[in-house]
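Chemist: If you scroll down you'll find the structure; I have some questions about it.
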Amino acid sequence: MTKSKQRHYKIAVIPGDGTGPEVVAEALKALDASSKKNGYQLNLTHFDFGGERYLKTGKVLTDKEVSDLKRFDAILLGAVGHPEVKPGILEKGLLLKIRFDLEQYINLRPVKLYPGVWTPLKDKGPNEIDFVVVRENNEGLYVGEGKFINKGKKDEVALQVSRNTRKGVERCIRYAFELTRRRNKRKKLTLCGKTNVLTYAHDLWWRVFNEVAKEYKDIKTDYAHVDATCMWMVKNPEWFDVIVTDNMFGDIITDLGAMIQGGMGIAAGGNLNPEGVSMFEPIGGSAPKYTGLNVINPLAAICAGGMMMDHLGETKVAAEIENAVMDVTKNKLKSLSAGKMGYGTREVGDLVAERIR
Ligand code: IPM
Ligand code: MN
0 MTKSKQRHYK IAVIPGDGTG PEVVAEALKA LDASSKKNGY QLNLTHFDFG
50 GERYLKTGKV LTDKEVSDLK RFDAILLGAV GHPEVKPGIL EKGLLLKIRF
100 DLEQYINLRP VKLYPGVWTP LKDKGPNEID FVVVRENNEG LYVGEGKFIN
150 KGKKDEVALQ VSRNTRKGVE RCIRYAFELT RRRNKRKKLT LCGKTNVLTY
200 AHDLWWRVFN EVAKEYKDIK TDYAHVDATC MWMVKNPEWF DVIVTDNMFG
250 DIITDLGAMI QGGMGIAAGG NLNPEGVSMF EPIGGSAPKY TGLNVINPLA
300 AICAGGMMMD HLGETKVAAE IENAVMDVTK NKLKSLSAGK MGYGTREVGD
350 LVAERIR
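So that you can map any letter, position 154 of the sequence shown is 153 in numbering that gives the first Met the number 0, and since no number is skipped, the others follow by simple counting.
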């Protein structure tokens, strides 16, 4: 990529709502330390999209605004969700709109237990908890297709369609195979579905998975129903290397994943369009009750920044950020939970930045 040779990246920053701005500030602190040390440049443009702007102007995110995001190399997002805005408006109008309109068809969510981090899984440590979930990010139940029949009546029916296209399923599965090969760990890709019940949607997933697998003889393949996947994630997380799954199941199992890796304070993800503009975010929400108190954990946002640099081709920079975070979890933080870290939000950001320098 010529962009990475120039090492000059245009980044759209969307701090968003609640604790979003606080954690994004710490991610930018870490990135600033990293760019000075490693000699690359980040050209940041801040956007005020989110609940506050919506309450003031009635605007969530226009087509033009999404389209303008296409001129950036990547997007860093804090959080969306505002206690005074009806649920669904910002989620659909902002977060899902960006994911869909920019065709960020992969949601990449590493589940990795860092050293020194408490996990609720007894007898499991960093060696056992280290896998990646590849969540399809543009289709399935998230397409918003459906209808009410006899709305409000006694015999009401509500339909919600899961849309799975050959193209969408195949590009997601291909990405997962490529990632499993690149990761080069256990070289095992697990398809997570529900073929015994979703006999249309996951029949397609199953067929495409087996078809694409023929091109990846070096990768072991496995299948688990989503309920069994939850069970194994708790009982034998070491069985997983890469999991590929649909949008809804991916949403659910990555919250479970976040818990076994130490909580929402550390879980980061990327919404990837491998051919376009990708967006990186801490996967926890806006946490209104912790807003402005300097207690929220910024590590997930810092890790999202690291994932962003990796995506931009800055592998060494990304590893350095991750190592700094691991050093802080191992040697400094008492807990990863908001208010229990033994440090404030800004101080945790300082600890990471110091280690990067
Ligand atoms: C996530 C979130 C979103 C999702 C919500 C906020 C729409 O839970 O990023 O996992 O369901 O994808
Ligand atoms: Mn979720």
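Ideal placement from N, C-alpha and C gives every residue a C-beta, glycine not left out.
Let me check understanding here. Comparing Cα to Cα, which of Gln103, Tyr342, Ser336, Leu120 lies closest to leucine 271?
Modeler: Of the candidates Gln103, Tyr342, Ser336, Leu120, the one whose C-alpha sits nearest the C-alpha of leucine 271 is Gln103.
Chemist: Is the segment 143-153 close to the segment 109-120, with three or more CB pairs under 8 angstroms?
Modeler: No, they do not touch.
Chemist: Please state the DSSP three-state secondary structure of glutamate 144.
Modeler: Coil, per DSSP.
Chemist: Using the rule of at least 16 other Cβ atoms within 10 Å of the residue's Cβ for burial, across every protein chain shown, is histidine 7 buried or exposed?
Modeler: Classification for histidine 7: exposed.
Chemist: CB valine 316 to CB valine 347, shorter than 8 angstroms?
Modeler: Result no, Cβ atoms of valine 316 and valine 347 do not sit closer than 8 angstroms.
Chemist: Give every residue whose Cβ lies closer than 5 angstroms to any heavy atom of the ligand IPM, listed in chain order.
Modeler: Spelled out in chain order, the answer is Glu90, Asp250.
Chemist: If you compare alpha carbons, which of Glu127, Gly15, Asn246 is closest to isoleucine 259?
Modeler: If we check each option's Cα against that of isoleucine 259, Glu127 comes out closest.
Chemist: Could you tell me which residues DSSP pairs with arginine 108 in its beta bridges?
Modeler: Answer by DSSP bridge pairing, in chain order: Val132.
Chemist: Nearest-angstrom Cα distance between alanine 389 and arginine 345?
Modeler: The chain is shown from 0 up to 356; residue 389 falls before or after that span and cannot be answered.
Chemist: Checking the sheet assignment: what are the DSSP bridge partners for proline 358?
Modeler: Within the shown structure, residues of the chain are numbered from 0 to 356, placing residue 358 beyond reach of any answer.
Chemist: For leucine 158, count neighbouring C-beta atoms within 10 Å of its own C-beta (all shown protein chains included) and say buried if the count is 16 or more, exposed if not.
Modeler: Exposed.
Chemist: Give me, in chain order, the residues of the same chain whose beta-carbon lies closer than 7 angstroms to that of aspartate 72; leave out the 5 immediate sequence neighbours on both sides.
Modeler: For aspartate 72, where only same-chain residues beyond five positions count, the Cβ hits under 7 angstroms are Lys2, Tyr8, Lys9, Ile10, Leu311.
Chemist: Tell me whether glycine 235 sits in a helix, a strand or coil according to DSSP, three-state version.
Modeler: As written in the sequence, residue 235 is asparagine, which differs from the glycine given in the question. Asparagine 235 falls in the coil class under three-state DSSP.
Chemist: So does aspartate 254 have its beta carbon nearer than 7 angstroms to some heavy atom of the ligand MN?
Modeler: Aspartate 254: yes, Cβ under 7 angstroms from the ligand MN.
Chemist: Among Arg185, Lys186, Arg173, Met230, which residue has its Cα nearest to the Cα of arginine 206?
Modeler: The option with the nearest alpha carbon to arginine 206 is Arg173.
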